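Notes to accompany the following structure.
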Amino acid sequence: MLTYTSYSEAGGVGKTTLTANLAKAQVDRGHDVLVIDLDQQRGCLSHLLGVDDNRSDPDADTIVHHMVGRPQGEFEDLIRTTEGIDVIPSHDSLEQLDDWLTKAGEYQATTEADDWEFPRNEQLRRVLRENDVPSQYDVIVVDPPATAGPHLYNGIDATRSLVIPLELTGKGDQSVEGLEELVAGIEAQLDLEVGVLAVVPNGFKGTSDQDSYLETVKDLGYDAPVVLRERGSLFEGCWRQQCTAFTYIDEHRSRKRDHEMETLEKIRTLAAHLEDEAGLDSGDAS
């Protein structure tokens, strides 16, 4: 199966938009896809896909409850489906995930040996394993916030792979140069090997500086199978209509623009590349 966490240290690089559209492309390629939204911010994937209506409900069961061993219902009842994508939505309780994990660890420590340590970064993987989720999906994706912490670390521990959106600008150059340090730091934090399935340059305009940054990415040994130019009305329209770009063009565009169709094709190409990297057989494309 294919599992990955979409992550970038920098905000505003299109991480969540890319994640939602990759999930849709993989659904369209015939795969069963689950996306777990661990981003507590309002502008999260759950909002983009229109499944965040319960995010402020204090009585709602959430992925946080399951991660700290206090589920309020069945795991499958957490799942919302839109555009064929299964989504575990974000919830306000994610803001307290760090504190809740600490308390869960303190509680469990009362019945463990003195040298026992609570595996706080392994709780999402535990929940998925206990609910037999890997056998039900071809693709599992985690979308965490753009900050280090238990949201990110649980996502990477569960997926063991990264897809890294990147902005090829002067600001983004620091992220390019820091890719190796970023991955090494995560591996050291979690004490596991993390694969980078793809780096995805976004907002590419073809300047000489951007060409240089792209060469740096390749020199570091990372795959950049597609370069996305689109940062304009197509993705803005997705957020306005709360849908993926595929649905936006089908249902909200009176005509198909060539550059937008090129963007969709690149996302499909990236989806196929990720499947190949994971050794995932192609599904029955719709």
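Residue numbers (this note's numbering): 5 to 290.
Where a beta carbon is used, it is the ideal one built from N, C-alpha and C, also for glycine.
What you are looking at is a predicted structure, and each value in this text was computed from that prediction instead of being measured.
Considering only C-alpha positions, which residue in the set the options is nearest to residue i?
i       : options                           : result
Gln-76  : Gly-88, Arg-84, Asp-63            : Asp-63
Val-91  : Asn-25, Ser-258, Gly-241          : Asn-25
Gly-153 : Asp-119, Glu-78, Ile-190, Val-167 : Ile-190
Gln-100 : Gly-241, Gln-45, Arg-33, Glu-184  : Gln-45
Leu-296 : Asp-142, Arg-130, Ala-249         : Residue 296 is absent from the model: the chain starts at 5 and stops at 290.
Ala-108 : Met-71, Ala-117, Val-131, Pro-229 : Met-71
Thr-251 : Met-5, Cys-242, Asp-147           : Cys-242
Asp-147 : Val-167, Arg-130, Gln-140         : Val-167
Gly-16  : Met-5, Gln-30, Leu-6, Cys-48      : Cys-48
Asp-291 : Leu-52, Thr-114, Val-198, Phe-79  : No statement about residue 291 is possible, as the shown extent of the chain runs from 5 to 290 and does not include it.
Ser-50  : Asp-96, Phe-208, Ala-29           : Asp-96
Lys-211 : Val-231, Ala-192, Leu-194         : One detail in the question is off: residue 211 reads as Thr in this sequence, not Lys. Selected option, being the one with the closest Cα: Val-231.
Asn-58  : Gly-73, Arg-84, Gly-34            : Arg-84
Hey, residue i and residue j: beta-carbon distance below 8 Å or not?
i       : j       : result
Thr-23  : Val-187 : no
Ser-94  : Asp-56  : yes
Val-204 : Tyr-226 : no
Glu-171 : Asn-206 : yes
Ala-202 : Leu-274 : yes
Gly-198 : Arg-164 : First, the amino acid is wrong: residue 198 is Val here, not Gly. Their beta carbons are under 8 Å apart, which means Val-198 touches Arg-164 by this criterion.
Leu-183 : Leu-224 : yes
Check the C-beta distance from residue i over to residue j and give it rounded, since I have them as a contact under 8 Å.
i       : j       : result
Leu-128 : Asn-158 : 4 Å
Asp-41  : Asp-142 : Actually they are not in contact, since the Cβ atoms of Asp-41 and Asp-142 sit about 19 Å apart, beyond 8 Å.
Glu-126 : Asp-161 : 5 Å
Val-31  : Glu-87  : 7 Å
Lys-28  : Ile-89  : 6 Å
Does DSSP put residue i in a helix, in a strand, or in coil?
i       : result
Asp-90  : strand
Val-17  : coil
Gly-199 : strand
Ser-165 : strand
Asn-158 : helix
Asp-177 : Interpretation of Asp-177 is limited by its pLDDT of 48, a score under 50 that renders its predicted location unreliable; no figure is taken from the coordinates.
Leu-170 : strand
Pro-149 : coil
Cys-242 : helix
Arg-272 : helix
Arg-74  : coil
Ser-60  : coil
Thr-248 : coil
Gly-113 : According to the sequence provided, residue 113 is Ala. The question's Gly does not apply to it. Residue state, collapsed to three classes: helix.
Asn-25  : helix
Using DSSP bridges, identify the partner residues of residue i.
i       : result
Thr-85  : Asp-90
Thr-7   : Ile-144
Val-37  : Val-143
Pro-205 : Leu-170
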